[in-house]
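Visitor: The structure's right below; bear with me while I get my questions together.
Residue numbers (full-length UniProt numbering): 1 to 326.
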């Protein structure tokens with residue numbers, strides 16, 4: 001999907017492409033390269049390379065003949081991409097980086113629907129999503145009821161073989177990510193958050209982790225501030241919508257966010273004031289190919305999808321011709 005988001009506008013605007021996939025997920029991109037050849041693209045228009053970020057990736061970001069770089073990955077690596085660009089040819093950049101997206105559940109929300117969408121918003125793709133709604137702020141008057149419904153949704157998640165049709169959550173991508181997530185769960189407990197559901201490895205084989213729900217979370221906790229990139233959600237409470245907006249904005253990231261309410265004025269206020277590139281109302285993680293996607297703050301800059309994506313792969317030129325009538 002991420003490859004298509006980049007290939008399509010680049011090709012539509014007449015560019016040739018060199019793509020490096022993640023070193024831990026190369027096979028889908030290599031299969032895509034086979035399909036490109038089968039489709040009859042001219043040689044050299046679409047090129048796929050594999051390798052590690054610190055070698056192959058660094059070579060591409062620092063190459064003087066690469067005029068534009070689109071990168072999806074961590075904020076730490078995004079900074080390195082910027083440094084490499086600055087040190088080479090000041091190539092145009094588009095960065096889609098980390099996130100710690102907030103979901104705000106208001107007192108008047110349809111709680112069953114809010115629990116359904118909020119649960120999918122964090123646990124989709126095993127929590128390994130840059131825009132995962134990993135922070136949830138719930139109005140204190142409905143916290144207990146929402147939590148009950150949210151955990152009920154989490155309990156419906158089937159963990160297992162990702163090649164089985166009814167599996168919702170498979171294993172984490174690799175051992176290091178698996179261990180990183182378990183360490184964050186340990187840190188959350190040490191910081192005083194309470195595990196309301198999950199919190200353990202699932203089974204005794206593979207890199208599976210139970211969907212994990214923390215409550216009693218404060219904004220100064222690491223599980224509230226740092227991108228975990230796993231099936232872990234931190235839930236806190238608020239008294240007023242102004243407080244909820246402040247809590248949501250108290251983050252280095254600004255990729256996405258959501259609000260659940262029946263009040264259109266509240267929805268407009270939250271979507272206007274939360275500093276995030278995409279805001280969903282009464283849903284989460286819903287995309288349309290015609291609407292742009294991209295972050296604020298340390299979640300990066302530039303847009304994927306829609307007409308805005310086309311602008312990322314073009315340059316504006318002005319030509320004036322003087323017609324001398326003398």
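Even glycine gets a Cβ: it sits at the ideal position worked out from N, Cα and C.
State the DSSP-derived secondary structure class of residue 296, mapped to helix, strand or coil.
Guide: As a position in the chain shown, residue 296 is number 296, starting the count at 1. Three-state result, residue 296: strand.
Visitor: From 7, 198, 52, pick the residue whose C-alpha is nearest to that of residue 24; which is it?
Guide: In the chain shown, counting from the first residue as 1, residue 24 sits at position 24. When only C-alpha atoms are compared, the closest one is 52.
Visitor: Roughly how many angstroms separate the alpha carbons of residue 237 and residue 168, rounded to a whole number?
Guide: Position 237 of the chain shown, counted from the first residue, corresponds to residue 237. Position 168 of the chain shown, counted from the first residue, corresponds to residue 168. So the two alpha carbons sit approximately 28 Å from each other.
Visitor: Could you compute how far the alpha carbon of residue 149 sits from the alpha carbon of residue 286?
Guide: Here residue 149 corresponds to residue number 149 of the chain shown, with the count starting at 1. Here residue 286 corresponds to residue number 286 of the chain shown, with the count starting at 1. C-alpha separation (whole angstroms): 21 Å.
Visitor: Output the boundary residues of the alpha helix (DSSP H) element that contains residue 95.
Guide: Mapped onto the chain shown, residue 95 falls at position 95. Residue 95 -> not in any alpha helix (DSSP H); beta strand (DSSP E) instead, spanning 92-96.
Visitor: Excluding five sequence neighbours on each side, which residues of the same chain lie with their C-beta closer than 6 Å to the C-beta of residue 97?
Guide: Position 97 of the chain shown, counted from the first residue, corresponds to residue 97. The answer, listed in chain order, is 75, 78, 299, 300.
Visitor: List in chain order: all unbroken beta strand (DSSP E) runs of 3+ residues lying wholly within the segment 187-270.
Guide: Complete beta strand (DSSP E) runs here, min 3: 194-197, 212-215, 232-238, 256-260.
Visitor: Taking a contact to mean a Cβ-Cβ separation below 9 Å, would you say residue 84 touches residue 62 in this structure?
Guide: What you label residue 84 is simply residue 84 of the chain shown in a count that begins at 1. What you label residue 62 is simply residue 62 of the chain shown in a count that begins at 1. Yes, the Cβ-Cβ distance between residue 84 and residue 62 is below 9 Å.
Visitor: For the alpha helix (DSSP H) that residue 315 lies in, which residues bound it at each end?
Guide: Residue numbering aside, residue 315 sits at position 315 when the chain shown is read from its first letter. Segment: none, residue 315 is in no alpha helix (DSSP H) and carries neither H nor E.
Visitor: Quick one: using the 10 Å Cβ neighbour count with 16 as the cut-off for buried, is residue 232 buried or exposed?
Guide: For the purposes of this step, residue 232 is taken as residue 232 along the chain shown, with counting starting at 1. Buried, since its Cβ has 16 or more Cβ neighbours within 10 Å.
Visitor: Whole angstroms are fine: how far does the CA of residue 250 sit from the CA of residue 184?
Guide: For the purposes of this step, residue 184 is taken as residue 184 along the chain shown, with counting starting at 1. For the purposes of this step, residue 250 is taken as residue 250 along the chain shown, with counting starting at 1. Looking at the two C-alpha atoms, the distance is approximately 20 Å.
Visitor: Since residue 177 sits in a beta bridge, which residues does DSSP pair it with?
Guide: By one-based count along the chain shown, residue 177 stands at place 177. Residue 177 pairs with nothing; no bridge assigned.
Visitor: Please check the pair residue 276 and residue 234, which I expect to be a contact at CB under 8 Å, by giving their CB distance rounded to whole angstroms.
Guide: If you number the chain shown from 1, residue 276 lands on position 276. If you number the chain shown from 1, residue 234 lands on position 234. The Cβ separation is near 17 Å, so there is no contact.
Visitor: Taking residue 87 as the reference, give the member of 101, 60, 106 with the closest Cα.
Guide: The count along the chain shown starts at 1 and reaches residue 87 at position 87. Among 101, 60, 106, the Cα nearest to that of residue 87 is on 60.
Visitor: With distance defined between alpha-carbon atoms, name the residue in 154, 49, 122 nearest to residue 197.
Guide: Start at 1 with the first residue of the chain shown, and residue 197 comes out as number 197. Cα-wise, what sits closest to residue 197 is 154.
Visitor: Please report the distance separating the alpha-carbon of residue 317 from that of residue 14.
Guide: Against the chain shown, residue 317 aligns to sequence position 317. Against the chain shown, residue 14 aligns to sequence position 14. Residue 317 and residue 14: Cα-Cα distance of roughly 15 Å.
Visitor: Could you spell out where the alpha helix (DSSP H) holding residue 151 opens and where it closes?
Guide: If you number the chain shown from 1, residue 151 lands on position 151. Its alpha helix (DSSP H) spans residues 143-155.
Visitor: Enumerated in chain order, which unbroken segments of the alpha helix (DSSP H) with a length of 4 residues or greater are wholly contained in the segment 28-92?
Guide: Here the runs fully enclosed are 58-61, 75-87.
Visitor: Residues in the same chain with beta-carbon distance under 6 Å from residue 36, minus the five sequence neighbours each way, listed in chain order, please.
Guide: By 1-based counting over the chain shown, the position of residue 36 is 36. So the list reads 46, once near-sequence residues are dropped.
Visitor: Suppose contacts are defined by Cβ-Cβ distances below 9 Å. Is residue 248 in contact with residue 280 by that definition?
Guide: Stepping through the chain shown from its first residue, residue 248 is reached at position 248. Stepping through the chain shown from its first residue, residue 280 is reached at position 280. The answer is no: Cβ separation not under 9 Å.
Visitor: Have a look at residue 327 and residue 147 and give me their C-alpha separation to the nearest angstrom.
Guide: The question about residue 327 has no answer here: the residues shown for the chain are numbered 1 through 326.
Visitor: Which of the three DSSP states is assigned to residue 311 in this structure?
Guide: Taking the first residue of the chain shown as 1, we reach residue 311 at position 311. Residue 311: helix per DSSP, three-state reduction.
Visitor: If you measure from the CB of residue 224, is any heavy atom of the ligand ATP nearer than 8 Å?
Guide: No copy of the ligand ATP appears in this structure; indeed no ligand is present at all.
Visitor: Could you tell me the alpha carbon to alpha carbon distance between residue 82 and residue 229, rounded to whole angstroms?
Guide: Along the chain shown, one-based indexing puts residue 82 at 82. Along the chain shown, one-based indexing puts residue 229 at 229. Looking at the two C-alpha atoms, the distance is approximately 23 Å.
Visitor: If you draw a straight line from the alpha carbon of residue 206 to that of residue 177, how long is it in whole angstroms?
Guide: Locating residue 206 in the chain shown gives position 206, counting from the first residue. Locating residue 177 in the chain shown gives position 177, counting from the first residue. About 12 Å.
Visitor: Would you decide whether residue 40 is buried or exposed? Buried here means 16 or more other CB atoms lie within 10 Å of its CB.
Guide: Counting from one through the chain shown, the residue named residue 40 turns up at place 40. That one is exposed.
Visitor: Where does the unbroken alpha helix (DSSP H) through residue 20 begin, and where does it stop?
Guide: As a first step, residue 20 must be located in the chain shown, where it is residue number 20. From DSSP, residue 20 is part of no alpha helix (DSSP H) but of the beta strand (DSSP E) over 17-20.
Visitor: Measuring straight from C-alpha to C-alpha, what distance separates residue 242 and residue 137?
Guide: In the chain shown, counting from the first residue as 1, residue 242 sits at position 242. In the chain shown, counting from the first residue as 1, residue 137 sits at position 137. For residue 242 and residue 137, the distance between alpha carbons rounds to 12 Å.
Visitor: Let me check understanding here. Comparing Cα to Cα, which of 57, 72, 65, 105 lies closest to residue 6?
Guide: As a first step, residue 6 is located in the chain shown; it is residue number 6 there, counting from the start. Of the candidates 57, 72, 65, 105, the one whose C-alpha sits nearest the C-alpha of residue 6 is 72.
Visitor: Using the three-state DSSP reduction, which class does residue 24 fall into: helix, strand or coil?
Guide: Start at 1 with the first residue of the chain shown, and residue 24 comes out as number 24. Reduced to three states, the DSSP call for residue 24 is coil.
Visitor: So which of 107, 80, 89, 109 has the shortest CA-CA distance to residue 95?
Guide: Reading the chain shown from its first residue, position 95 is the one you call residue 95. Ranking 107, 80, 89, 109 by Cα distance to residue 95 puts 80 first.
Visitor: Could you give the residue range of the beta strand (DSSP E) that holds residue 364?
Guide: A query on residue 364 cannot be resolved here, the shown segment of the chain reaching from 1 to 326 and no further.
Visitor: Taking DSSP as the reference, what is the three-state secondary structure of residue 279?
Guide: The residue you call residue 279 lines up with position 279 of the chain shown. Looking at residue 279 - three-state DSSP - the assignment turns out to be strand.
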